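Chemist: After the structure tokens below, expect a handful of questions from me.
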Amino acid sequence: MDKPHNIHDSIQKLSTILHSQICEADAQIKSLEQNVQLLSRGQVVSDTTELEDDIPSDDEDIFIYELEKSRLQLVMDIQEENYISQKLKEMVGECETLMSSVKRYYNSFHKSRLQETLGYEVKEFDGTALEQIKNLLRVNTSRLEASQSALYNNAMKVLEVIESEETHLLAPKSQEALLKVIQQLNKKFNDLTEKGV
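Here it is in structure tokens:
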């Protein structure tokens with residue numbers, strides 16, 4: 084099946100051909116009208132047999148009769164050309180209306196197709212981006228929970244050591260070891276919070 088663009092081109096070519104034929108028909112009509120004005124008295128004729136009843140007998144009358152018959156035929160040809168020209172103009176108008184309707188349809192179809200494509204791409208991007216963010220949050224949450232659990236366990240061990248060896252902690256060496264453990268815990272906690280985990 085033809086694409087809408089090819090249909091549009093075909094309709095445009097038809098419209099151009101019809102327009103040129105109408106111009107040619109108008110030129111022929113004008114030429115015929117000029118010939119008729121030279122021969123006629125401006126009357127409209129519907130039938131060429133009007134003069135056949137009165138067939139003259141002498142040569143001059145026969146010549147006038149033939150001229151009148153030719154004039155009537157020209158008038159009828161002009162009337163026929165006028166009718167054809169009018170119908171062609173109507174067809175050109177209808178073709179132009181059809182062509183503008185096809186253009187509007189094609190443009191609206193193209194716009195809706197583009198919007199549909201963009202909407203699908205946005206949905207796909209949103210879905211992919213959201214899925215990546217969800218996965219990253221899950222990973223970071225599990226890391227945070229594991230780090231918190233490790234910190235809690237280390238703190239509990241330190242508290243157990245403090246409780247069991249309360250006297251031992253009073254010694255300067257024990258206080259230094261405790262201070263190092265607390266500093267390591269603080270450092271690990273700060274590292275985790277800086278990473279955003």
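Per our numbering, numbering of the sequence shown is gapless, rising by one per residue and ending at 280.
Note that beta-carbon positions come from the ideal geometry of N, C-alpha and C, so glycine has one too.
Note that the coordinates shown come from a computational prediction; the quantities given were computed from them, not determined experimentally.
Just to confirm, is the Cβ distance from N237 to L213 under 9 Å?
Modeler: no
Chemist: Going by CA-CA distance only, name the one from V264, P255, Y148 that's closest to L242.
Modeler: V264
Chemist: Relative to the C-alpha of Q169, which candidate in I145, F192, L101 has its C-alpha closest?
Modeler: L101
Chemist: Would you kindly work out how many angstroms separate the C-alpha atoms of K172 and E164, rounded to a whole number?
Modeler: 12 Å
Chemist: Check this for me: beta carbons of S103 and E179, under 9 Å apart or not?
Modeler: No Cβ-Cβ contact shorter than 9 Å links S103 with E179.
Chemist: How many Å lie between S114 and V175 at the Cα?
Modeler: 23 Å
Chemist: Determine the direct distance from the alpha carbon of K186 to that of I90, and round the result to whole angstroms.
Modeler: 10 Å
Chemist: Report the CB separation of M182 from Q95 in whole angstroms; it is logged as a contact under 8 Å.
Modeler: 6 Å
Chemist: So what does DSSP say about D136, is it helix, strand or coil?
Modeler: In this predicted model, D136 has a pLDDT of only 49, less than 50, meaning its place in the structure is not dependable; the value taken from the coordinates is given anyway. Three-state result, D136: coil.
Chemist: Assign I147 to buried or exposed, taking buried as 16 or more other Cβ atoms, counted over all protein chains shown, within 10 Å of its Cβ.
Modeler: exposed
Chemist: With a CB to CB cut of under 7 Å and the five nearest residues on each side skipped, what residues in its chain are close to F272?
Modeler: Closer than 7 Å at the Cβ level, and outside the excluded window around F272, lie L234.
Chemist: Does the Cβ-Cβ distance between I167 and E116 come in under 9 Å?
Modeler: no
Chemist: Consult DSSP for D141 and reduce its assignment to one of helix, strand or coil.
Modeler: coil
Chemist: Any idea if R154 is buried or exposed, counting beta-carbon neighbours within 10 angstroms, 16 or more meaning buried?
Modeler: buried
Chemist: Could you pull out every residue in the same chain whose Cβ sits closer than 6 Å to the Cβ of L261, ignoring the five residues on either side in sequence?
Modeler: Excluding five sequence positions before and after L261, none of the CB atoms of its chain fall closer than 6 Å to its own CB.
Chemist: Taking 8 Å as the cut-off, is the beta-carbon of S153 closer than that to any non-hydrogen atom of the ligand ATP?
Modeler: In terms of ligand content, the structure shown is empty, and the ligand ATP therefore cannot be addressed.
Chemist: Flag D274 as yes if its beta-carbon sits less than 9 Å from any beta-carbon of chain E, otherwise no.
Modeler: This model lacks chain E altogether; it includes just one protein chain.
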